[in-house]
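Presented below is the structure to which this report refers.
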């Protein structure tokens, strides 16, 4: 603020705090605020624009513009100078507003006589609340002190909005963050729909008083908090459990440098001198740095945003005493909302959750694997939901469409409940098929198994009617702990899985790590394309100790019982031969030690790479069974990254090229007389499942909830008739999907 001492700024902030704390309607508060700011800034105009909805700003209070424009003047995000400030999250300061890029004249406000314009965002850690503007007739550029001072004032307004200070007694016209409905379009990573209440994985820190009365005391609190933060970061780096070399150490060193940044501390101290509390100063710098770094083209700079957020949040918790456990009670039907979450944390919540919504994550992430195991819907890539959601907010999650409704209107909620009720009714019908065979009208007997990865999955075998476990993912036991599990622990787990299966077959897939599944105790690999890099059997054959230990645990768990083992991501026969030799060496070793052995041993391969499709028939004869890993096979066949939403849904499983590839696999397995199954998301989709069956794949493995719908259609289908329809479509160049869908519609 021009030629004003810090004490003047503090007086203004205290005055604003008193206004916002006093009883009264929100409009009265905002009117008083604009008068005081205009007077303090020596400006003729002060206006507050707040978001009416995520795309629309509304003039909510003004000193100097026409009063009748209040609640009538609206701007779209990015429209005019005000919309430009809101979109960019950065100030606009000009002595000649009409000549500025993007200027929009709003005649109803009477602003044509005001030349100078200074607008700053009202924002809180990435959450955009509105825009604060001052204007004057004189064509002058506002000083850096003016800009800085107005940003401090905007910070206080953002905090007060968070605390509900703009929600008046009888005035419901005022927009307020966290009050209007929100629609978030993400990516469906696990199917299903659920209604519940928000439970934030890490609740946001509430700053109850953004204004500091005693700058010296606030500075001391800040410095004490920063010293404690630095001590914790230093201790993290020097922890004896962290290796002395490697990329992770460089990351921690960069993190420590950020924590020890003198300029970061200096900026926060300057904010305190202008009247902010220590907590508000931390959050102000976090918000402004966020606005800058989010737009950075350099991936390294964008990564620093995570460092900044983590350090700022840790410092805020130190200053406020609000730990991760705030004492809040989890609501009924909780739906977890988080930026991201690890598999161990998600497992800790267990089946209490009705669904999960993540800002980050991916369709193949650890969280997705656990969500599938827990049979709860999951939406990822729901941008900014953690800044909009509050604990206890009503929320609807549609994992099929990848849509989340936050604080939904009643009409939306009613339509959503109807969908959930229809799904529940369908599940009841499918339950009646549980004990019936999956046999087609033409007499073909299908085998429907389930995918699993946790002991908690196994009860679904009984309720779904699955005939066994076609894929047991063994990596979850490695991903959810800080160190390598012991052989005895794994053997006990695998024994428990076989016991729970009650004699039904269980196919154990050996460790499929790498790519997106990085063990917390293994050095991350900096690979440009990890999905096609060092993963699965490639890791097992290079790190033989881990694979050997897992094979020993499986052999010991299956003493006196059949054992089915499947090796993942085999790209050429020599990899299968090497892995098979390792397994047989361990069987021989157990026999030499006098230990019991499985009553029967079946060894198979997961076919996930196009290269293996064209392996010689002799290779297929060497396998006891083959399972098509549909998710990865599609990814590599179409050269379409399944983590990339732009291309993930671009290619159809039932397209002619992919069906031709499947027929090649079917032919080779038939020639080798080796059982073939299809495992993956498509196996649980009725249209795809019936197409696979018509082609000749008689074994399918899917998530438990899909067994009922697939069996329902299998029992109503004549595969001979369906094959005729498929062949006609392919010969005539018509979409196979449409032909199958039309056939099913006639059933």
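Residue numbers (the working numbering): 651 to 1397.
Cβ coordinates follow ideal geometry from the N, Cα and C atoms, glycine included.
Taking 8 Å as the cut-off, decide whether the C-beta atoms of residue i and residue j are in contact.
| i | j | result |
| --- | --- | --- |
| residue 932 | residue 962 | yes |
| residue 923 | residue 865 | yes |
| residue 768 | residue 753 | no |
| residue 869 | residue 801 | no |
| residue 927 | residue 1006 | no |
| residue 857 | residue 807 | no |
| residue 850 | residue 1041 | yes |
| residue 1368 | residue 1090 | yes |
| residue 917 | residue 883 | no |
| residue 1395 | residue 1372 | no |
| residue 1324 | residue 1271 | yes |
| residue 1211 | residue 1148 | yes |
| residue 1163 | residue 1194 | no |
By Cβ distance below 7 Å, which residues in the same chain neighbour residue i in space, the five residues on each side in sequence not counted?
| i | result |
| --- | --- |
| residue 1004 | 844, 846, 983, 984, 985 and 1026 |
| residue 1022 | 840 and 1353 |
| residue 789 | 745, 746, 765 and 766 |
| residue 1221 | 1259, 1261 and 1262 |
| residue 1203 | 1137, 1140, 1141 and 1144 |
Between the Cα of residue i and those of the options, spot the shortest distance and give me the residue it belongs to.
| i | options | result |
| --- | --- | --- |
| residue 840 | 698, 1030 and 1322 | 1030 |
| residue 1109 | 1380, 1150, 1071 and 907 | 1150 |
| residue 751 | 739, 759 and 729 | 729 |
| residue 1075 | 1359, 739, 688 and 759 | 1359 |
| residue 1159 | 1127, 1184 and 1183 | 1127 |
| residue 1058 | 681, 831 and 1277 | 831 |
| residue 964 | 939, 909 and 1129 | 909 |
| residue 1092 | 731, 740 and 1364 | 1364 |
| residue 1035 | 1001, 987 and 998 | 987 |
| residue 1069 | 1048, 1314 and 911 | 1048 |
| residue 876 | 688, 799, 842 and 915 | 915 |
| residue 1282 | 1388, 1111 and 1293 | 1293 |
| residue 670 | 1037, 810 and 872 | 810 |
| residue 1073 | 1251, 1274, 1356 and 683 | 1356 |
| residue 1009 | 981, 1039, 998 and 1024 | 1039 |
| residue 1123 | 1086, 1214 and 1082 | 1214 |
Less than 8 Å between C-beta atoms, sequence neighbours within five positions excluded: which residues of the same chain meet that for residue i?
| i | result |
| --- | --- |
| residue 706 | 724, 725, 726 and 727 |
| residue 1380 | 1306, 1309 and 1386 |
| residue 1392 | 1375 |
Can you say whether residue i is buried or exposed, counting buried as having 16 or more other CB atoms within 10 angstroms of its CB?
| i | result |
| --- | --- |
| residue 763 | exposed |
| residue 1101 | buried |
| residue 1421 | The displayed coordinates of the chain run from 651 to 1397. Any statement about residue 1421 would go beyond what the structure contains. |
| residue 712 | buried |
| residue 1218 | buried |
| residue 696 | buried |
| residue 1241 | exposed |
| residue 759 | buried |
| residue 1152 | exposed |
| residue 1327 | buried |
| residue 1264 | exposed |
| residue 717 | exposed |
| residue 1288 | buried |
| residue 863 | exposed |
| residue 1234 | exposed |
| residue 1248 | buried |
| residue 651 | Confidence at residue 651 is low in this model, with a pLDDT of 41, below 50, so the placement of that residue is unreliable and no value is reported for it. |
| residue 755 | exposed |
| residue 749 | exposed |
| residue 818 | With a pLDDT of 45 at residue 818, under the threshold of 50, the modelled position of this residue cannot be trusted; read the value that follows with caution. Counting Cβ neighbours within 10 Å, residue 818 comes out buried, since at least 16 surround it. |
| residue 714 | buried |
Which residues in the same chain as residue i place their Cβ atom closer than 6 Å to its Cβ, once the five residues preceding and following it in sequence are excluded?
| i | result |
| --- | --- |
| residue 693 | 784 and 786 |
| residue 1084 | 1115 |
| residue 691 | 784 |
| residue 1278 | 1257 and 1328 |
| residue 825 | For residue 825, the predicted model reports a pLDDT of 40, less than 50, meaning its position is unreliable and no value from the coordinates is stated. |
| residue 1397 | 1366 |
Minimum length 4: unbroken alpha helix (DSSP H) runs contained in the stretch 1022-1052: 1035-1038
4 or more residues per run - each alpha helix (DSSP H) lying fully within the stretch 915-946: 928-943
Minimum length 4: unbroken alpha helix (DSSP H) runs contained in the stretch 1276-1314: DSSP runs (the alpha helix (DSSP H)) wholly in the stretch 1276-1314: 1280-1287 and 1295-1298.
Uninterrupted alpha helix (DSSP H) stretches inside the stretch 713-791 (no shorter than 4 residues): 730-738
Unbroken stretches of the beta strand (DSSP E), 3 residues or longer, contained in the stretch 1185-1235: 1212-1217
Residue ranges of each beta strand (DSSP E) within the stretch 1050-1100, 3 or longer: 1053-1056
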